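All residue numbers for the sequence shown refer to the working numbering, where the first residue is 117 and numbers rise by one.
The C-beta atom is built at its ideal place from N, Cα and C for all residues, glycine as well.
Predicted model only: the values in this text are computed from it and were never measured.
Reviewing the structure listed below.
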Amino acid sequence: MPDQKPHDLPVSPSIVFSHSVDETSPEIVEQRYPNFLELMSETVYLFIDNFFRLLGVIIVPFIGLIVLGIVIFILFEMALSLSFIGPTPNYPALFIPGIVIIGLVMLIFLWSQIAMLYAVNHLDEKITVFQIYMRSFGKIWSLVFVILLATFTTIGGSVLLIIPGVVISLYSLFAINVQLIEEQNGIMALNRSRLYMSKNFWGVISRVLLFLGCNVVLMMVFAIINALHFFQLPLQIIIFVYEIILPIIWAIFISRNFHALRWLHMGRLPEPSITSQILYWLLALIGLICVIVIGSNTLTFVKLITSQSTFSLSSYFQAISRILNK
117 MPDQKPHDLP VSPSIVFSHS VDETSPEIVE QRYPNFLELM SETVYLFIDN FFRLLGVIIV
177 PFIGLIVLGI VIFILFEMAL SLSFIGPTPN YPALFIPGIV IIGLVMLIFL WSQIAMLYAV
237 NHLDEKITVF QIYMRSFGKI WSLVFVILLA TFTTIGGSVL LIIPGVVISL YSLFAINVQL
297 IEEQNGIMAL NRSRLYMSKN FWGVISRVLL FLGCNVVLMM VFAIINALHF FQLPLQIIIF
357 VYEIILPIIW AIFISRNFHA LRWLHMGRLP EPSITSQILY WLLALIGLIC VIVIGSNTLT
417 FVKLITSQST FSLSSYFQAI SRILNK
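Next up, the structure:
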């Protein structure tokens, strides 16, 4: 999707501002990458301004789980009354319904996470919680695919040495935002994220490190107050609430960074080259192979351990040596 024109992008007061040289001169628009304090103030403002909408996004999956639990209970009672299920549970007969229930719970959880990501990336739009969930449903699998590709490319880069894996993971910071805002999928989302990052690499990293540093300092303050046994109950409540809202604040903060970079480089971002796309696919393939190898070795290790009549340290090392000698 090509870069949008300025009037198609959400206006952020900390990203674009204007001033006039004098009363007769035309308005001069200046674009810049906002500093950490500007981004944080905008993040907090958007969080407060959209608090009830974000709260609604959080509450919906719990309502869904409650409704699912009620439906399961009613169906189970009906099955008992119709003698489909005897007094002694038939575990093989319950296997398929169990898998379906687990799948539905996982889908509700996954959908809620995607809905929250969609919400924080569209805070400039006045959309309802229902619209957020309806629009985000069609993006579940494309976002999962982008996340899996980012994971596999990071693992693949780490195999080549640790540093490339770290750099690739940093370059993938805006992949989700690219998918949600620019509707670029798969490798193209990773490549676009890399291009945005490469234009302001140290600027983004410094702001991210400041955010993480503030979080560490705040957690240290909580730990000190807790060690001094001051305000125990209120402190535990504050920490509980903080741990819930922190991922949302983080997602909004990253989203505002992305919006700022879009303003800064709109119309000037080059298209990803074929070479970079091939390289990303190769790294993803290497990462996938590593996951398969590690997974198969883990299963072999578990089988070897569980095959022992009694667990001991010697059996543990024997299992490891068998895997290494395969």
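- Collapsing the DSSP output to three states places Q393 in a helix.
- Annotated as distal: L311 and P363, with beta-carbon spacing of 8 Å or more.
- DSSP places G281 in the uninterrupted alpha helix (DSSP H) bounded by I278 to Y287.
- For E359, the uninterrupted alpha helix (DSSP H) segment begins and ends at Q348 to H381.
- When DSSP states are grouped into helix, strand and coil, Q147 belongs to the strand group.
- Taken through DSSP and simplified to helix, strand or coil, F290 comes out as coil.
- With respect to the 8 Å criterion, G403 and G302 are not classified as neighbours on the basis of their beta carbons.
- Cα atoms of S309 and K255: separation of roughly 18 Å, rounded to the nearest angstrom.
- Of all alpha-carbon atoms in V275, F225 and L264, the one lying nearest the alpha-carbon of F178 is that of F225.
- Per DSSP, reduced to three states, the secondary structure at N413 is helical.
- Across the structure, L155 and V283 are spaced so that their CA atoms are roughly 23 Å apart.
- Assigned with DSSP and collapsed to three states, T269 falls in helix.
- DSSP, reduced to helix, strand and coil, places T244 outside both helices and strands of the structure shown, so it counts as coil.
- P388 carries a coil assignment under DSSP once its states are collapsed to helix, strand and coil.
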